[in-house]
Amino acid sequence: MSRDRCCARCRESTSRTGAPTVVVAVRNGKDVYACADHRAELAGPPGDPVVAIAQLQDMARRG
Ligand SMILES: [Zn+2]
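Counted the way the numbering used here counts, the sequence shown spans residues 25 to 87.
1. List in chain order the residues whose CB is within less than 7 angstroms of at least one heavy atom of ligand 1.
2. Determine the DSSP secondary structure at P69, reduced to helix, strand or coil.
3. From A76, R63, Q81 and G53, pick the residue whose C-alpha is nearest to that of T38; which is it?
4. With DSSP collapsed to three states, give me the class of D82.
5. Note down the Cα distance separating A84 from E65, rounded to an integer number of angstroms.
Structure (structure tokens):
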């Protein structure tokens with residue numbers, strides 16, 4: 025199963041700073057990733073537990 029970690033807006037897989045993209049929302053059961061530039065734009069409601077779980081799972085996959 026391929027996982028797309030590109031920013032949902034600009035399709036970059038890392039921020040300009042070199043930091044990896046992060047899960048900022050979950051839409052239709054799919055993780056939505058964003059670089060630092062587009063994080064605020066793409067983020068879902070703050071404190072969404074689904075997003076928190078998705079972030080933990082993403083960390084675990086990065087191992
Ligand atoms: Zn972006």
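Here a beta-carbon is modelled for each residue, glycine too, at the ideal position from N, C-alpha and C. Bear in mind that the values here come from a model prediction, so they are computed numbers and not experimental data.
Reading from the atomic positions:
1. C31, R33, C34, E36, A58, C59, D61 and H62
2. Translated into the one-based positions of the sequence shown, residue 69 becomes position 45. In this structure, P69 counts as coil in the three-state DSSP scheme.
3. Position 14 of the sequence shown holds residue 38. If we check each option's Cα against that of T38, R63 comes out closest.
4. Mapped onto the sequence shown, residue 82 falls at position 58. D82 falls in the helix class under three-state DSSP.
5. Here residue 84 refers to the residue found at position 60 when the sequence shown is read from its first residue. Here residue 65 refers to the residue found at position 41 when the sequence shown is read from its first residue. Going from the Cα of A84 to the Cα of E65 covers about 25 angstroms.
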